[in-house]
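Trainee: Counting the sequence shown from 1 gives a position; my numbering is that position plus 3. Where a beta carbon is used, it is the ideal one built from N, C-alpha and C, also for glycine. Computed from a predicted model, the values in this text were never measured in an experiment.
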Amino acid sequence: MTRRQRITTYLATATALAGTALAAGATSAGAATARFEGNSPVVLQGCAVVQEIQLQGSPAHDHMRWETEGDSQGCRAWIQDDAGNSADVIESQQITTAGYHHSSWYYDGPGRLLTVCVQRGTDSACGPTN
4 MTRRQRITTY LATATALAGT ALAAGATSAG AATARFEGNS PVVLQGCAVV
54 QEIQLQGSPA HDHMRWETEG DSQGCRAWIQ DDAGNSADVI ESQQITTAGY
104 HHSSWYYDGP GRLLTVCVQR GTDSACGPTN
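(1) V52 and N42 - do their beta-carbons sit closer together than 7 Å?
(2) Is the separation between the beta-carbon of V121 and that of A86 shorter than 7 Å?
(3) Hey, out of V119, N133, E55 and H64, whose CA is closest to C78's CA?
(4) Quick one, are the C-beta atoms of G102 and G73 less than 7 Å apart?
(5) Below 6 Å, is the gap between the Cβ of P44 and the nearest heavy atom of the ligand GTP?
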């Protein structure tokens, strides 16, 4: 599967999940989406960053990280915790070379609302809050 096909699949999955969350009673498109495992691309021109969520540990809870497989040189990626009144940056990494890069895994269970964000120049975007 090509990178473009993977991104298209990720976008279709994220759109379906957002629609399911809204149908289940979320009050707006800006509301936090339901917790889920899987990947969501963070869409920003010139950056190929994917937000990953998977169950880990015992008892199992969500964990989050970001990864890229190239095409992201010059981008900055970070994970932030949106719980509380201000966003706390957990990890930030400037991508200075082409190729595969990733963050560490971070606990995303009860009390945490994590999201992956990406910046290139003055433009930035964040994935869904989980």
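Mentor: A quick look at the data gives this:
(1) Result no, Cβ atoms of N42 and V52 do not sit closer than 7 Å.
(2) Going by C-beta atoms, V121 is not nearer than 7 Å to A86.
(3) Restricting attention to V119, N133, E55 and H64, the CA atom closest to the CA of C78 is found in V119.
(4) By the CB criterion at 7 Å, G102 and G73 fall inside the cutoff.
(5) The ligand GTP is not part of the structure shown, which contains no ligands of any sort.
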